[in-house]
Amino acid sequence: MYCRIAIFRIVALCLFFSSPLVRADVNTGIAELDTIFTDFYEGKGSVRTEALDTLAAMPREDTRELLQGILDGDLMFHRPSDTIVWAVKDGREFTMTSLDRSADLGRDGSRKVKRLKLNNSVRAYIRQLIAGLGLYSSNATERLAAIEALIDTPAAIEQATLDELLSAEQDQTVLHALQSLLTRKQLSSDDPTIRVTAVKALRTDLSSESRAAITRVALDDEDTDVRDAATSVQQYHEQQVKIYGRAETVFFGLSLGSVLVLAAIGLAISFGVMGVINMAHGELIMLGAYCAWAMQQLMPQSIAAALVVSIPIAFIVTGLVGIIIERTVIRFLYGRPLETLLATFGISLILQQLVRTFVSPQNVPVANPEFMSGVLHINGVFSLTLNRLYILAFCLLVFAALVILLKYSRFGLEVRAVSQNRAMARAMGVRSARIDSLTFGLGAGVAGIAGVALSQLTNVGPNLGQAYIVDSFMVVVFGGVGNLWGTLISGMTLGIANKLMEPWAGAILAKILVLVFLIMFIQKRPRGLFPQRGRAVES
Amino acid sequence: MRAGKSRLSTLLFISAVVTLLVTVTTLNQLPAGHELHVGNFMVSLLGKYLTYAILAVAVDLVWGYLGILSLGHAAFFALGGYAMGMYLMRQIGDRGVYGNPDLPDFMVFLNWTELPWYWMGFDSFAFTALMILLVPGLLAFVFGWFAFRSRVNGVYLSIITQAMTYALMLAFFRNEMGFGGNNGLTDFKDLLGFDLRSDDVRLGLFIASGVALIFVYLLCDSILRSRLGKVAIAIRDAEDRTRFLGYRVERVKLALFTLSAMIAGLAGALYVPQVGIINPGEFSPLNSIEVVVWVAIGGRGTLYGAVIGALGVNYAKTWFTGAYPEAWLFALGLLFVLVTLALPKGIAGLRWFPSQGKKEGGT
Amino acid sequence: MTLTSRFKLSLLAAASLGLTSVSLHAQEDTIKVGVLHSLSGTMAISETTLKDTMLMLIDQQNANGGLLGKQLEAVVVDPASDWPLFAEKARELIEQEGVAATFGAWTSVSRKSVLPVFEELNSLLFYPVQYEGEESSKNVFYTGAAPNQQAIPAVDYLTNEIGVERWVLAGTDYVYPRTTNKILEAYLQANGVASEDIMINYTPFGHADWQSIVSDIKSFGSEGKKTAVVSTVNGDANVPFYKELGNQGVSAEDIPVIAFSVGEEELSGFDTEPLVGHLAAWNYFMSVDAEANDEFIENWLEFIGDDARVTNDPMEAHYIGFNMWVKAVEKAGTTDPSAVQDAIIGVSVPNLTGGYSAMMPNHHITKPVLIGEIQDDGQFEVVWETPGLVAGDAWSDFLESSKDLISDWRAPLSCGNYNVSTGVCSGQTL
């Protein structure tokens, strides 16, 4: 509600002050500013918003800057001098300058300088005020923000102003936004034909605001033609929403599937190719995630770069851990898969406790880089979250790299030779012990990169691995041991199945049903979707 | 000669358990200040260990003698425990916090108006006793029926048993299931009319656990010395060869797997009144792996090995989590690795049975 | 022969090992205080800090001359996030170690697990975490918040200050969220919120894939009315939840999330950037401006030796609970549990928000309720607080099954769940 009032006022103010597009250049009223800020600092509810209104309406050049300063927490209250100052944190103290930036006020300790209290509604109110001030800004982004803030209250802006803006606007995006604002305004025009045109124009706009506006018109408009037009558009919208809802579910399924595949694919190598049941696989994923954290700690200034760098680092670190595990434990246990299970379970406990002891039993924060946050906007009802999209792509990339490596490289050939017939491979001069280490290291390294990807989605803590180990085994077994394609298809299938069932069964039941399905499937086809064939298959 | 040894070890085992029971009972009667007094805390603790030992025997029966590595035995244990827990909940009657005579507190709280059908009958101890064996047995039977018929074995079997216990855990966590959700069943009052909090009942449960252990041990021992047991070992060592010789491998597996599940259920039922709570955490896949580890450390393929493993590891756990909580997982982890590498036959395999047969070698 | 004796030996060894730990009698010149918090397993994340808090409080008390002229001695055990083990360790503390009082437990199930032990052996437990209510035991003191000290004021704030009209109640599927949501649902409906404006959702522990649920929340919130999420999502599931909210572009200004289980300690494991503006309701925030708080934080940072550590609400609860116990023991002149039980009712000690908290006859305490908004530095900014103190209510007035129940442990009633309409005191084990 606040926002709408704010917009009304601002638009009125803008019209008043800015018709000549130049605002009075008078920086008077420091005393006035003081009362405003006192009201804002000490007041509650409407007193504060009125103070903000007064501030926004002041004929000062730096109104916008001041509002932004409140929003960002750069303006603070200095207790000893009882004034509002610009404060910049410097170690445990703050450096302060006066409100009009004219005087340097020295430094003071952090407990003497208080933040101005903000809450969500005040934050939103200030943003609206800033946006309102931006309608005539020279910066296109600011104009766009101002228009978007107005989109739900088109009545707040006069037709004449809108026309004026439309004729002056050069930027295409802003122009487009202005036109949709115009369309929205036309919905409440006096002329039914204009209203019908406006309704039809909104057919392609699936945003929730547009849908809500159409629904309102379909219910309330006094003219039958307008209502009919609106009803037909409304039906079209509903149909579209349904279709895109399904598309969204499939995307959710694929992205859950990509997480499962990433988590399982390292296991598909060590379990599928080598027959080792690596219960420490989850902990290798966890180590990978900690690599992402460690790199961010080392490069706090460039989170994105740290994340990219942590991919090879995680591969190398967990790969080395894998090789050490293979050399010290697993090589003594080949041919006894159930015993590798026990030994690696022991290793998993040790790795967990190592992290607890030497890092922290607490979770550690891993930040999302800028390029991974946000959404890929397809239309009003359907948008893909960027980080999921990246992870899906990353998963396919890792998968492709592994397939190519195993199929076309010398190393891949040797791996396959050893896994199919160890004795023959040795006879042909393949150093099987070395291949074993490297294969296990590869599986571990891939687990490490999976960990980097997971660090973007979930907790990074000592228990991270346990959450994925059971699922990973299910994916590998369902897909068919020893078959990378099987792992990919099984992971994606399980992801989509889970997401398709979630809406009607709930998250928990969906997961149980998937597990029950898996158990029954294995009874039917004990070797999974894509069983290994041939003599090499163990009896 | 083997049979002679086995009989001897059985005798020794029984006398050791009886000695333990008698000693603890006697020492428990001493006045509290006495140096040798065994407190009620210790009695309950030992009682709990004994139920773990029964569970370990159940796992050893299928793993050590039949070659089925079940990662789902915690599920059978927990089901037995839940059956017992349901009986104990019914015994609370109107002494619950909401004073409802018909419904346990958590159902009152969920606004349920009547007892779900699957709670019917649990106010009778005889029915409960039957269910304690029947529910895990039936689950194992159905599960095994399908799995063994389609020749799911080895690692695959292990993993689907794990999936089974995982699915059950998730299911029991759901409040709608009617088993109390995450909190499970707790705040029990009495068993067969005896106050669970009295010292004598506690001692009685401890003795009952010991007797049950002896009974289970004798049962397994006699089965293993019978023809059935011999076929089981043959299946473990060479399943296909046994099948080609005309034995119905599936039936043997199914019979022993079901029996093993029932034993696990019995262990669970004895466990619950002694610890006073059963909740879905007992289904956790980690618990099943832990049981396997007791057996591996104690020595699979020897029943007393399983018992030694269960008692030893659990005692170590109690001691470590008291003295060096941080070091416990390191110690346990190292123990796994070392035992698998250096002592594939566990503690029991230290001297007595110098490498049994030629089972190793690759696939 | 070697064979037989060896075998016998190993069994006897196993048995006798069990016995050695039996009889360590308490030294007479100290008063033992039990600390029952998980130091390993899934709950170690939260509980380790509370163990350290207790050690610090006991240290300080000793430095100030101990209690009744004796030194206090902390007995720390590790129940390893294993619920049956909680009961076992509680028994060990009381029977073996002879502790005078125990401070511990975190999850509801761990409290339910130890409760019969404390009642049977008549010992005292101070439970420091916000919980679902619907319980009052003679032997337990609830120093965390009851639902009316956290959930209801939070909803009041959102309704009155933010103008929220549609509600998503999202929680992990266990008893605390279930109870809280039931109470809130009844409360909201009593305040005229239509049932189609309330969406309730439960997820399993550690739920990691929030895509569908966040998408549902988004469409639920896009129907014109101001919407808020009341989150009782537990521990580990929070990070993926908030990350998904951020990713799908749900900001705190569109749909604020108010959480009851996210405090400073949990935030230290988050990347707080996308969380700014989301809310939490507690009885204490580290950022609270009070002298007692400054001193506490200083002591804590010094004790733990790490400037980056934070303080949180359950720590304050232990601070209050411990001081109450100390004061009650001084008042009673003995650590005898029955005497302390009588003495502690009415005891009032300073809390860390600049006021006093008192122990009520229902074994709950009075607390202020604060609403804080998450800031980018991982701290909370208090945006609202209750005008006065709120007394904890063991039995919710908004639940059909408990609205007639009251709890009063003073003579002559001495009952934890007394039904005022039937005059019956039920569910008591004594």
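So the protein sequences, as listed, match chains A, B and C.
Numbering follows this note's numbering, in which position 294 of the first sequence is assigned residue number 294; successive positions increment by one, without gaps.
Numbering follows this note's numbering, in which position 285 of the second sequence is assigned residue number 824; successive positions increment by one, without gaps.
Numbering follows this note's numbering, in which position 84 of the third sequence is assigned residue number 986; successive positions increment by one, without gaps.
Here a beta-carbon is modelled for each residue, glycine too, at the ideal position from N, C-alpha and C.
With H, G and I counted as helix, E and B as strand and the rest as coil, what does DSSP make of residue i?
i, result
"glutamate 999 of chain C", "coil"
"phenylalanine 1043 of chain C", "strand"
"alanine 131 of chain A", "helix"
"glutamine 234 of chain A", "helix"
"phenylalanine 733 of chain B", "strand"
"glutamine 44 of chain A", "Position check: residue 44 of chain A holds lysine in this sequence, whereas glutamine was assumed. The answer is coil: DSSP assigns lysine 44 of chain A none of H, G, I, E or B."
"leucine 99 of chain A", "coil"
"glutamine 523 of chain A", "helix"
"phenylalanine 478 of chain A", "helix"
Taking the Cβ atom as the reference point for each residue, do residue i and residue j lie within a distance shorter than 8 Å?
i, j, result
"alanine 1194 of chain C", "glycine 1256 of chain C", "yes"
"valine 1057 of chain C", "threonine 1129 of chain C", "no"
"arginine 143 of chain A", "leucine 133 of chain A", "no"
"threonine 952 of chain C", "methionine 1217 of chain C", "The sequence as given places leucine at residue 952 of chain C; threonine does not occur at that position. Yes, the Cβ-Cβ distance between leucine 952 of chain C and methionine 1217 of chain C is below 8 Å."
"valine 636 of chain B", "serine 1328 of chain C", "yes"
"glutamine 172 of chain A", "isoleucine 130 of chain A", "no"
Would you give the residue range spanned by the beta strand (DSSP E) that residue i belongs to?
i, result
"arginine 688 of chain B", "Run containing arginine 688 of chain B: none in the beta strand (DSSP E); it sits in the alpha helix (DSSP H), 664 to 688."
"alanine 1161 of chain C", "1159 to 1161"
"alanine 87 of chain A", "83 to 90"
"glutamine 813 of chain B", "Where glutamine 813 of chain B is concerned, there is no enclosing beta strand (DSSP E), although the alpha helix (DSSP H) it sits in stretches over 788 to 814."
Taking the beta carbon of residue i as the centre, do at least 16 other beta carbons fall within 10 Å, making it buried, or is it exposed?
i, result
"valine 26 of chain A", "Unreliable placement is indicated for valine 26 of chain A, whose pLDDT of 44 sits below 50; no coordinate value is reported for it."
"asparagine 714 of chain B", "buried"
"arginine 101 of chain A", "exposed"
"tryptophan 656 of chain B", "exposed"
"glutamate 238 of chain A", "exposed"
"leucine 575 of chain B", "exposed"
"isoleucine 1324 of chain C", "Correcting the residue type first, residue 1324 of chain C is threonine in the shown sequence and not isoleucine. Exposed, by the Cβ-count rule."
"histidine 927 of chain C", "For histidine 927 of chain C, the predicted model reports a pLDDT of 42, less than 50, meaning its position is unreliable and no value from the coordinates is stated."
"proline 80 of chain A", "exposed"
"aspartate 644 of chain B", "buried"
"tyrosine 408 of chain A", "exposed"
"serine 113 of chain A", "The amino acid occupying residue 113 of chain A in the given sequence is valine; serine does not appear at that position. Classification of valine 113 of chain A: buried, given that the 10 Å Cβ count is 16 or more."
"alanine 401 of chain A", "exposed"
"serine 554 of chain B", "exposed"
"asparagine 966 of chain C", "exposed"
"leucine 559 of chain B", "buried"
Terminal residues of the continuous alpha helix (DSSP H) containing residue i?
i, result
"arginine 422 of chain A", "422 to 427"
"arginine 764 of chain B", "738 to 764"
"proline 1252 of chain C", "Element bounds for proline 1252 of chain C: not the alpha helix (DSSP H) but the beta strand (DSSP E), 1250 to 1252."
"alanine 613 of chain B", "612 to 631"
"lysine 114 of chain A", "Per DSSP, lysine 114 of chain A belongs to no alpha helix (DSSP H); it is in the beta strand (DSSP E), 113 to 115."
"aspartate 1173 of chain C", "Per DSSP, aspartate 1173 of chain C belongs to no alpha helix (DSSP H) and is neither H nor E."
"tyrosine 901 of chain C", "Outside the displayed span of chain C (903 to 1332) sits residue 901 of chain C, for which this structure offers no information."
"tryptophan 985 of chain C", "985 to 993"
"alanine 1130 of chain C", "Where alanine 1130 of chain C is concerned, there is no enclosing alpha helix (DSSP H), although the beta strand (DSSP E) it sits in stretches over 1129 to 1134."
Q: Kindly confirm or deny that the region 1068 to 1082 of chain C and the region 720 to 728 of chain B touch, where touching means at least three C-beta pairs closer than 8 Å.
A: yes
### Query
Do the region 279 to 293 of chain A and the region 440 to 458 of chain A make contact, defined as three or more Cβ pairs closer than 8 Å?
yes
> Should the region 658 to 667 of chain B be called in touch with the region 477 to 494 of chain A, which here means at least 3 C-beta pairs below 8 Å?
Replying inline: no
| said: Under 8 Å, with one C-beta from each stretch per pair, do the region 1206 to 1213 of chain C and the region 1154 to 1171 of chain C reach the 3-pair mark? | reply: yes
Is the region 1184 to 1198 of chain C close to the region 1261 to 1272 of chain C, with three or more CB pairs under 8 Å?
yes
Between the region 291 to 298 of chain A and the region 499 to 516 of chain A, are three or more C-beta pairs nearer than 8 Å? no
Notebook entry, point to check: For the 8 Å Cβ check, are there 3 or more pairs between the region 1092 to 1103 of chain C and the region 1154 to 1161 of chain C?
Noted result: no
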